[in-house]
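In our numbering, the protein residues as written are 16 to 410.
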């Protein structure tokens, strides 16, 4: 029994053998060019396109990619017939927009089953997309009351996220639930993450997001568009086919979701900064304790040196004055005072150095205490640890 839907076949095999094989089970529309393939993909009656290239598999995959990226396969699936069996080739074909890859030696019964299954999947996906689009439209109608346009689960999942991976997945899953394929780049103080719903983004998409992230809010090219905020860049691979007021409502709906993600990134930044600050404080406390101990030891050493100097001065003056039948010369006494003064100056200079170091430390600590941002406080603490407290070894 033949299904009422048509299967378009692009067949480069001798005597178009695959056209004949598919005709046993389906109404077949034979294709001879890329233009005919595009027309078939846009037809409501065509649910499946079978491609069997002979001359160039690369060209065939490029045709699949062209149909996929231009949104021409929303109501049609693409099945590629190939000689290759390896998983790497199949994965590459899926990335280029193919829905299934079958081997050229597949038997008729399995061929019939695979193509029939793909047709039913196409119809089911098309119906699901219509329902999802209707659901999104219903959310957009409540955009004036923005909290109604954002699901509670989305907000809860976002603010339960512990890192950028989880947060990005929340946004991508929300968009995917409305059949919106996207890639997202999240930029935090402590790192950057570029991802899509099912793994890493393609190199071209990553490069595009890197290039456009600071060049305005919206960039539209065909069905694709990029939306940028300070910390989030979102690439919509196939934006909903809206027009008029719906476009503005959708953008506002998207902005609200991205704003929630932005807020969570700020929270993650603050949390990471506090963790860094806590780690620096632990190091800082230990270093300060050592610093103060050195300062105390330095002052005590200075006091002992002063006491020793005056004891020594008293002894020297006693030697040159007492027990002498004649008074000591003024030059001798001046020499004793000059030597003592020189030694006192050295002690005082060391004390002044200690005071200056301590004063500079207190000044920088005041900047840490009065710092408004966790990131700046952590940075100031690191500076004190690396530069000021290292002087503890030189006191």
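From the three backbone atoms N, C-alpha and C, an ideal C-beta is built for every residue, glycine too.
These numbers come from a predicted model, not from an experiment.
Asked                                                                                                                                                   : Found
Considering only C-alpha positions, which residue in the set 242, 227, 40 is nearest to residue 274?                                                    : 242
Can you tell me whether residue 88 is buried or exposed? The criterion is at least 16 other CB atoms within 10 Å of its CB, across all chains shown.    : buried
Our contact map puts residue 212 next to residue 283 with C-beta atoms below 8 Å; I'd like the distance itself, whole angstroms only.                   : Contact flag wrong, Cβ pair sits at about 20 Å.
Assuming residue 180 contacts residue 208 (C-beta within less than 8 Å), just tell me the rounded distance between them.                                : 6 Å
Could you give the distance in angstroms between the alpha-carbon of residue 55 and the alpha-carbon of residue 278?                                    : 46 Å
Could you tell me which of 115, 44, 199, 109 sits nearest to residue 247, measuring between CA atoms?                                                   : 199
Figure out for me which residue from 223, 229, 245 has the closest Cα to the Cα of residue 251.                                                         : 223
Grouping DSSP H, G and I as helix and E and B as strand, with all else coil, what is residue 286?                                                       : helix
Need the endpoints of the beta strand (DSSP E) that residue 87 sits in, please.                                                                         : Segment: none, residue 87 is in no beta strand (DSSP E) and carries neither H nor E.
Assign residue 121 to one of three DSSP states: helix, strand, or coil.                                                                                 : coil
Buried or exposed for residue 69, going by 16 or more other Cβ atoms inside 10 Å?                                                                       : exposed
Select from 290, 58, 240, 115 the residue whose C-alpha is nearest the C-alpha of residue 100.                                                          : 115
In angstroms, rounded to a whole number, what distance separates the CA positions of residue 94 and residue 268?                                        : 36 Å
Within the 8 Å Cβ cut-off, does residue 283 reach chain C?                                                                                              : In the structure shown, chain C does not exist; there is a single protein chain.
Classify residue 272: buried if its beta carbon has 16 or more other beta carbons within 10 angstroms, exposed otherwise.                               : buried
For residue 235, which option in 218, 245, 262, 315 has the closest C-alpha, if you only look at C-alpha atoms?                                         : 262
Just confirm the distance between the C-beta atoms of residue 67 and residue 110, as a whole number of angstroms; I'd bet it's less than 8 Å.           : The Cβ separation is near 20 Å, so there is no contact.
Is it buried or exposed for residue 188, if we count other Cβ within 10 angstroms and need 16 for buried?                                               : exposed
Please return the same chain residues whose Cβ sits closer than 7 Å to the Cβ of residue 158, not counting the five positions on each side in sequence. : With a pLDDT of only 47 at residue 158, under 50, the local geometry of the prediction cannot be trusted, and the value read off the model is given with reservation. Contacts found: 164, 264, 267, 268.
Could you check if residue 106 is buried or exposed, using at least 16 other CB atoms within 10 Å of its CB as the buried criterion?                    : exposed
Could you round the C-beta distance between residue 108 and residue 76 to whole angstroms and report it? I think they count as a contact, below 8 Å.    : 6 Å
How would you call residue 35, buried or exposed, if buried means at least 16 neighbouring beta carbons within 10 angstroms?                            : exposed
In the DSSP assignment, what are the bridge partners of residue 33?                                                                                     : Residue 33 is not bridged to any residue.
I'd like to confirm the pairing. Which residues does DSSP put opposite residue 64 in its beta bridges?                                                  : 23, 93
List the endpoints of the continuous alpha helix (DSSP H) containing residue 226.                                                                       : 218-227
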